[in-house]
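Colleague: When the letters of the sequence shown are read in order and numbered with UniProt numbering, they come out as residues 7 to 166.
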Amino acid sequence: YILSSIGAHGTQERTLIAVKPDGVQKRLVGEIIKRFEQRGFKLVGMKLLQASEELLAKHYHDLKTKSFYSSLIDYMSSGPVVAMVWEGSNVVKTSRAMVGETNPLDARPGTIRGDFSVDICRNVIHASDSVDGAQREIGLWFQSNELVDWESCLHSNTYQ
Ligand code: UDP
Ligand code: MG
C-alpha cells in the first residue's frame, strides 16, 4: 500500500491516532472518532488495547532521556488505549491541528486537547507528527492485516 501518494485527491496519507488512558476514562472515544469522521477522514484500523511497556518504549524512543519519560510510560500503561489509523489528504498535519498543542494550556478551544484537558501529563490523545513518524508508529501498533483498505462512498463528495 502506498502510504503517501500524490494523486488527483492531494496527498493521501495515514496517521496513528491514540486515545490515551485518560481519554478512554473520560469517555472521549466517541467524541474523538466523531471529529475525525466529520472532518472527512477514513478509519482504516482501530483497537482497544493495554499497551505493553515494550511497545510504549518503542513508541516514545525519542523521549527516553527526558525527565518525564518514566511517568509518561506509567501514564500510558495505566489503562486501555484506543489506537486508530485514519487516512486522508494531509491527515498527518490536519490531525495535529485538530489535536492542538502538546501542553493543553496552549491548545486553542476547539481543539481536542483545548476542549478536554488542562495538564500536559494528561493530554487525552496522541497524533503522529510527520508522515515518516506515522508510518513507523502504525507499524508498531498494527499488523498489516489489521488495516482495512476500503472504498469510501463519500470520496467524490470529500475530494475533487
Ligand atoms: N509530555 C509530558 N511532559 C512534557 C512533555 C510531554 O508528560 O513536558 C508527554 C505528553 O503526554 C505528550 C507526550 O509526552 O503528549 C509526547 O510528547 P511530544 O513532545 O511528542 O508531544 P505530542 O507529540 O504528543 O504533542
Ligand atoms: Mg510526539
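Beta carbons: idealized from backbone N, C-alpha and C, even for Gly.
If I follow the unbroken alpha helix (DSSP H) through I144, where does it start and stop?
Modeller: 137 to 147
Colleague: Just to confirm the assignment, what range does the alpha helix (DSSP H) spanning S77 have?
Modeller: 75 to 82
Colleague: Quick check: the Cα distance between S84 and P27, rounded to an integer number of angstroms?
Modeller: 7 Å
Colleague: If we ignore side chains and look at the alpha-carbon of each, how far apart do S123 and R102 end up?
Modeller: 15 Å
Colleague: Three-state secondary structure (DSSP) at S95?
Modeller: strand
Colleague: Can you name, in chain order, every residue of its own chain whose Cβ lies under 6 Å from the Cβ of N163, other than the five neighbours on each side?
Modeller: none
Colleague: With a Cβ-Cβ cutoff of 8 Å, do V154 and V87 count as a contact?
Modeller: no
Colleague: State the DSSP-derived secondary structure class of P86, mapped to helix, strand or coil.
Modeller: Coil, per DSSP.
Colleague: Beta carbon of L22, beta carbon of A140: below 8 Å?
Modeller: yes
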